[in-house]
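Single-structure report; data block below.
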Amino acid sequence: MIKKIIGKAVTTFAGREDFEIPQHDSPLFAGIDWERLPRHVAVIMDGNGRWGKEQGVMRTAGHSAGVKTLKNILKTAIGLNLDALTVYAFSTENWKRPETEVNFLMNLFYDSLKRELQELHEDNVQIRFVGRLDKLPASLQAQMRDAEELMKNNTGVKFNVAINYGGQDELVRVMQKIAADVQAGKVAPEAIDEAMIEQQLDTVGNLPVDLVIRTSGDMRLSNFLLWQSAYAELYFTDVNWPEFSPECFVEAMKDFASRDRRFGGLNDNKK
Ligand code: FPP
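Residue numbers for the sequence shown follow full-length UniProt numbering, so the first one is 1 and each next one is one higher.
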C-alpha cells in the first residue's frame, strides 16, 4: 500500500501539468555546470508499457503518461538552452506491435500535436519530424507538415520527433539518393564524404548527438540515430519514461558533465 502511494506521488511529480520552463536560477538547475552541457540530446523514451503494467493499467495509458513527461523534458531542455532534443516516438520496428497499440500511438501523436501546437510555437520551438514519414496516416502527415510550417521561422530549441524512424532505414535512403546522383553523373564516387552524407540525413542542420539517454533499464541503441551518435555519450537509467522527471534529466546533464570526451584523441593533460 505504501509503495503504491509513493509510486503515485512520484508519477504526479514527473508528469505534473503545471510545469513551466525553468529559469536559469531555478533550484532545479542547482549544481549544473553550464559550460559542460550537451548541445544535442537524444532520448529513447522506453518503459511506457512496463509502467502501465506496474500501475495496473493498460500499456497505452503509459504512452499517454509519456506525453506529459515529454512536455516537461522539452521545457527543461529549453530552460537549459540546449540546441536540440531528438526523441524516439516510433521506430520502423514498432509496426510489429498489435494493431490496436499502433493505432493508439498514431492517434496519440495526432491529438498531442494538435493540442500542443500553439504552446510549442509560443515557446519558440523549431519542430521537425524525422523518419519515413510517407508511410504514416495521411491526417498525421498533414498535421506534422502544418506544425513544421507554423514553426519554421522559430529560433529556439530544435525539437526533432522520430516517427517511423530507423537509423539503418535512414542510411539506406541516404545511399539511394547519393547513388542516384552518381548514376546521373552529378557526383563522382570519390567525392562522397561524411559531409555529403550528413547533408542527406533527416537531421541535416543539427549538431552531432552529444548524449543519448535511454530510460527503463535496457542498454542498447535500438537503431536510433546510428550515424549522428557516433561519438555520443550514453546514459542509461532504470526509471520508466512516464516517471522520468525534469530532475532525472538534470541528473543526466550532471553525469554528462563528468564524462571525459576524447573523440579518439588524448586528454590535454595526457599529451
Ligand atoms: C517505448 O515504450 C515507447 C514508445 C514506443 C512510444 C513513445 C511515445 C511517447 C512517449 C509519446 C510521444 C508523443 C509525441 C506527441 C511525440 P514501450 O512501449 O516499448 O515500453 P515497454 O518496453 O515497457 O513495453
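The beta carbon of each residue, even a glycine, is placed where N, CA and C say it ideally should be. Please read all numbers here as calculations on a predicted model, not as lab measurements.
Burial state of residue i (16 or more Cβ within 10 Å)
{"i": "K8", "result": "Unreliable positioning characterises K8 in this predicted model, as indicated by a pLDDT of 42, which lies under 50. A coordinate reading is not provided."}
{"i": "Q228", "result": "buried"}
{"i": "S258", "result": "exposed"}
{"i": "S139", "result": "exposed"}
{"i": "K4", "result": "Confidence is the limiting factor: at K4 the pLDDT is only 37, short of 50, which leaves the residue's position unreliable and the question unanswerable from this model."}
{"i": "K254", "result": "exposed"}
{"i": "L266", "result": "exposed"}
{"i": "N48", "result": "buried"}
{"i": "E243", "result": "buried"}
{"i": "L226", "result": "exposed"}
{"i": "G79", "result": "buried"}
{"i": "M1", "result": "Only weak support is given to the placement of M1: the predicted model assigns it a pLDDT of 32, under 50, and the value that follows is read from those uncertain coordinates. Classification for M1: exposed."}
{"i": "N164", "result": "buried"}
{"i": "R214", "result": "buried"}
{"i": "D260", "result": "exposed"}
{"i": "G52", "result": "buried"}
{"i": "I6", "result": "In this predicted model, I6 has a pLDDT of only 38, less than 50, meaning its place in the structure is not dependable; the value taken from the coordinates is given anyway. Answer is exposed; the Cβ neighbour count stays below 16."}
Nearest to residue i (by Cα), restricted to the options the options
{"i": "R36", "options": "E233, W241 and P246", "result": "E233"}
{"i": "G217", "options": "V67, L105, D255 and Y235", "result": "Y235"}
{"i": "D134", "options": "V57, E116, L120 and T92", "result": "T92"}
{"i": "N153", "options": "L136, I127 and K68", "result": "I127"}
{"i": "E170", "options": "P242, E198, F104 and I192", "result": "E198"}
{"i": "L113", "options": "R132, P98 and V67", "result": "V67"}
{"i": "V161", "options": "E190, V250, G264 and V43", "result": "V43"}
{"i": "R59", "options": "C248, F256 and W241", "result": "W241"}
{"i": "P246", "options": "D46, K75, R50 and Q55", "result": "K75"}
{"i": "P208", "options": "E17, G156 and H40", "result": "H40"}
{"i": "D18", "options": "G131, I73 and A188", "result": "I73"}
{"i": "R132", "options": "T203, L117 and R115", "result": "T203"}
{"i": "V212", "options": "I32, Y88 and Q23", "result": "Y88"}
{"i": "D210", "options": "F256, K53, S222 and A180", "result": "F256"}
Residues bridged to residue i [DSSP beta-bridge criterion]
{"i": "Q126", "result": "K158"}
{"i": "F256", "result": "Answer is none; F256 lacks a bridge partner."}
{"i": "L211", "result": "V41 and E233"}
{"i": "S91", "result": "Y165"}
{"i": "A84", "result": "H40 and K158"}
Contact test: residue i Cβ vs the ligand ADP heavy atom, cutoff 7 Å
{"i": "S112", "result": "The ligand content of the structure shown is limited to the ligand FPP, which means the ligand ADP is not among them."}
Query raised in the report: Where are the beta strand (DSSP E) runs, 3 residues long or more, that stay fully inside the region 17-81, in chain order?
Result: 40-44
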